[in-house]
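K.L.:
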Amino acid sequence: MNGVYVDMKYLIRARLEVDGRVEKHDVIGAIFGQTESLLGSDFSLEELQNKDKLGRIHVELKYQGTKTVGTISVPSNLSRVETAIIAAMLETIDKIGPYPAKITIEEIRDLRLERLEKIKQRARELLKLMKEKEPDIREVIREVLQEEHAKAQVAKLIEYGPERLPAGPGVEKADTIIVVEGRSDVNTLLRYGYTNVIALGGAREKVPETIRRLAEQKKVILFVDGDRGGELILKNVLPQMKVDYVARAPEGREVESLTGREIAQALSQMKPAEIVARELGIEAAAPEKPAGEAMKPGEEAAAEAKEAKPVAEPREEKAEKPPEERPPTVKFTIPKAVLEAAKELRGTLEAIVYDKEWREIERLKVRELYDYISKSEPGRIYAVVFDGIITQRLLDIASEKGVGIIIGNRIGNKITHKPTNVKFLTFSDLF
């Protein structure tokens, strides 16, 4: 029945009881007859219908012995107040035909809210449909263009470094590089637009010095086959050089045989290298950044603004202060439940905020943490545990808001001032 009321704002629904048998036209006649001139011409039902302010009145009846019961539906395009007045006016009807009657308003529905809910539900369905189809569309575009540009793309392969390693032209300038096994893997990734790729030159015993040097300056994704050979490369490479993330081809597949969509999916499911190393029972190499190396301009702010996945880097060691300048040691106990929660946070890019009793206040994304602390009342937050980088900016706002403890994945290189009222440490300090 809602389709009848497409252009209406509200729907008045009333229950009808009559001490006798009446027909629909008796009810309609009583409604118009007993409300005529009751509140003046402005509320004449006939006039309001002529002006499309009221819709057609619907009556549904059934008989119970000698009585008549049913419902009355009145669609309204009036304001909320005027609609309520019309509804109240209906309840003044006390006789239909020769029989006593009673009309009781059951509800006044806002039809616009119902339509809005349908719009939102349909929008969610359409958005989901768009997301499901989007990768397929990109794949179609790549496949259509693949044959036309194949030669040009293959021609982009370069030989990089003194070892003349197969690589893409973007490997030098990119902030992140993808390390693969061989030339065929490089060609496959180039075919789908990944120019920041470089090959190990096969499953060799020693990682080329060129790749080790690049790894010291950039984030590294090690992308290997989904078979035993890929596992052997992981066991060989992870202990030798800094690797931030590990991506694997689907089980039993080789990187060189993947489609563009399969490559994108594999990269989206990459894991932190330290987690993969633990799964394989090996120890990953530590980063080799020079001590005191500064972040790139804007890197500190980006660490909080972006959902950058954590990368293990050494904490910058500062020269120790003379004993007389060193602030007193602050001792505190971290509950076991909090330590377990911190372990589970790794790789999630989430943060947990605690009060002084170590009760969880809020769980949120790392990118939202700075704004959350800045908007909190001073002293409300006691501790923060998060899967991200502890930066100077975060320490400053924590000090300002009375946060006592911050536990993060790692500490940024550009910490120039350590607030005396904030104790901060990393996951590696705890477990």
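Numbering (full-length UniProt numbering), first residue to last: 1 to 431.
Glycine residues also receive a C-beta, built at the ideal position from the N, C-alpha and C atoms.
1) Taking the beta carbon of PHE431 as the centre, do at least 16 other beta carbons fall within 10 Å, making it buried, or is it exposed?
2) Any idea what DSSP makes of ILE381, helix, strand or coil?
3) What is the residue span of the alpha helix (DSSP H) that VAL276 lies within?
4) Count Cβ pairs between the stretch 114–131 and the stretch 45–60 that sit closer than 8 Å; are there 3 or more?
5) Would DSSP call LEU267 helix, strand or coil?
6) Hey, would you say ILE72 sits closer than 9 Å to ARG13, going by beta carbons?
7) I need the straight-line Cα distance from ALA84 to GLN49, nearest angstrom please.
8) Tell me whether the stretch 32–46 and the stretch 101–111 touch, counting them as touching only if at least three CB pairs, one residue from each stretch, are closer than 8 Å.
9) Report yes if the CB atom of ILE221 is closer than 9 Å to the CB atom of ILE282, and no otherwise.
10) DSSP puts PHE223 in a beta bridge; with which residues?
11) Can you look up ALA303 in the DSSP assignment and give me helix, strand or coil?
12) Assign LEU45 to one of two classes, buried (16 or more other C-beta atoms within 10 Å of its C-beta) or exposed (fewer than that).
13) In whole angstroms, give me the CA-to-CA distance for THR420 and ILE397.
14) Would you give the residue range spanned by the alpha helix (DSSP H) that ASP396 belongs to?
15) Assuming LEU349 and VAL366 form a contact by the criterion Cβ under 8 Å, report the distance between their Cβ atoms to the nearest whole angstrom.
16) Step through the CB atoms of chain D and report whether any lies within less than 9 Å of the CB of TYR245.
17) Three or more C-beta pairs under 8 Å: does that hold for the stretch 210–230 against the stretch 176–192?
18) Give a yes or no on contact between the stretch 157–169 and the stretch 192–203, applying the rule of three or more CB pairs nearer than 8 Å.
19) Is ILE119 helix, strand or coil by DSSP?
20) Using CA atoms only, rank isn't needed, just tell me which of PRO378, GLY379, ASP371 and VAL385 is closest to LEU339.
21) Could you tell me which residues DSSP pairs with VAL59 in its beta bridges?
22) Any idea if LEU189 is buried or exposed, counting beta-carbon neighbours within 10 angstroms, 16 or more meaning buried?
23) Could you give the DSSP three-state label for TYR10: helix, strand or coil?
24) Closer than 7 Å by C-beta to VAL311: which residues in its own chain qualify, once you throw out the five before and the five after it? Chain order, please.
25) Quick check on the burial criterion: 16 or more other C-beta atoms within 10 angstroms. Buried or exposed for GLY229?
26) If you check the beta carbons only, do ILE415 and GLN392 fall under 9 Å apart?
27) Quick one: what's got a C-beta closer than 6 Å to LEU345's C-beta in the same chain, skipping five residues either side?
28) May I ask you to report which of helix, strand or coil DSSP gives THR259?
29) Please give me, in chain order, every unbroken run of the alpha helix (DSSP H) with length at least 4 that falls completely inside the stretch 74–101.
30) Can you give the Cα-Cα distance for VAL207 and VAL180, rounded to whole angstroms?
31) Span of the alpha helix (DSSP H) holding THR35?
32) Closest to ASP110 by C-alpha separation, out of GLY97, LYS128, LEU78 and ILE93, would be which residue?
P.N.:
Looking at the atomic coordinates:
1) Here residue 431 refers to the residue found at position 431 of the sequence shown. The residue in question, PHE431, is exposed, as its Cβ has fewer than 16 Cβ neighbours within 10 Å.
2) As a first step, residue 381 must be located in the sequence shown, where it is residue number 381. Residue state, collapsed to three classes: coil.
3) Residue numbering aside, residue 276 sits at position 276 when the sequence shown is read from its first letter. First-last of the alpha helix (DSSP H) with VAL276: 273–280.
4) The stretch 114–131 is not in contact with the stretch 45–60.
5) In the sequence shown, counting from the first residue as 1, residue 267 sits at position 267. LEU267: helix per DSSP, three-state reduction.
6) Working through the sequence shown from its first residue, we reach residue 72 at position 72. Working through the sequence shown from its first residue, we reach residue 13 at position 13. Judged by their CB atoms, ILE72 and ARG13 are nearer to each other than the 9 Å cut-off.
7) Residue numbering aside, residue 84 sits at position 84 when the sequence shown is read from its first letter. Residue numbering aside, residue 49 sits at position 49 when the sequence shown is read from its first letter. Roughly 16 Å separates the two Cα atoms.
8) Flag = no, the stretch 32–46 and the stretch 101–111 do not touch.
9) By one-based count along the sequence shown, residue 221 stands at place 221. By one-based count along the sequence shown, residue 282 stands at place 282. In this structure, ILE282 does not lie closer than 9 Å to ILE221 by Cβ.
10) Reading the sequence shown from its first residue, position 223 is the one you call residue 223. PHE223 is bridged to ALA247.
11) Within the sequence shown, numbered from 1, the residue matching residue 303 stands at position 303. For ALA303, the predicted structure reports a pLDDT of 39, less than 50, and the residue's modelled location is therefore unreliable. A value from the coordinates is still provided. Correct three-state label for ALA303: helix.
12) Start at 1 with the first residue of the sequence shown, and residue 45 comes out as number 45. Around the beta carbon of LEU45, 16 or more other beta carbons sit within 10 angstroms, so the residue counts as buried.
13) Stepping through the sequence shown from its first residue, residue 420 is reached at position 420. Stepping through the sequence shown from its first residue, residue 397 is reached at position 397. Taking the straight line joining both Cα atoms gives about 13 Å.
14) Walking along the sequence shown from the start, residue 396 turns up at place 396. In the DSSP assignment, ASP396 falls within the alpha helix (DSSP H) that extends over 392–400.
15) Here residue 349 refers to the residue found at position 349 when the sequence shown is read from its first residue. Here residue 366 refers to the residue found at position 366 when the sequence shown is read from its first residue. Contact between LEU349 and VAL366 holds: CB atoms are separated by about 5 Å, below the 8 Å threshold.
16) Looking for chain D here will not work: only one protein chain is present.
17) Flag = yes, the stretch 210–230 and the stretch 176–192 touch.
18) At 8 Å Cβ cutoff, the stretches touch.
19) Here residue 119 corresponds to residue number 119 of the sequence shown, with the count starting at 1. Note: ILE119 maps to helix in three-state DSSP.
20) Counting from 1 along the sequence shown, the entry for residue 339 is found at position 339. Of the candidates PRO378, GLY379, ASP371 and VAL385, the one whose C-alpha sits nearest the C-alpha of LEU339 is VAL385.
21) Indexing the sequence shown from 1 puts residue 59 at position 59. Under DSSP, VAL59 takes part in a beta bridge, and its partners are ILE72.
22) For the purposes of this step, residue 189 is identified with residue 189 of the sequence shown, where counting begins at 1. Under this definition LEU189 is a buried residue.
23) The residue you call residue 10 lines up with position 10 of the sequence shown. Three-state result, TYR10: strand.
24) Translated into the one-based positions of the sequence shown, residue 311 becomes position 311. Any answer about VAL311 is weak, because its pLDDT of 36 lies below 50 and its placement is not dependable; what the coordinates show is given next. By the criterion of a C-beta distance shorter than 7 Å, VAL311 is surrounded in its chain by LYS219 and ASP244, once the five residues flanking it on both sides are discounted.
25) Locating residue 229 in the sequence shown gives position 229, counting from the first residue. Per the 10 Å Cβ criterion, exposed.
26) Reading the sequence shown from its first residue, position 415 is the one you call residue 415. Reading the sequence shown from its first residue, position 392 is the one you call residue 392. Judged by beta-carbon spacing, GLN392 lies within the 9 Å limit of ILE415, meaning their Cβ atoms are closer than that value.
27) Here residue 345 is taken as the residue at index 345 of the sequence shown, counted from 1. The residues are ASP387.
28) Counted from its first residue, the sequence shown places residue 259 at position 259. Annotated three-state conformation of THR259 is coil, per DSSP.
29) Fully enclosed alpha helix (DSSP H) runs of 4 or longer: 80–90.
30) For the purposes of this step, residue 207 is taken as the residue at position 207 of the sequence shown. For the purposes of this step, residue 180 is taken as the residue at position 180 of the sequence shown. Going by the C-alpha atoms only, they are around 12 Å apart.
31) Locating residue 35 in the sequence shown gives position 35, counting from the first residue. Per DSSP, the unbroken alpha helix (DSSP H) holding THR35 starts and ends at 24–35.
32) Numbered from its first residue, the sequence shown carries residue 110 at position 110. Among GLY97, LYS128, LEU78 and ILE93, the Cα nearest to that of ASP110 belongs to LEU78.
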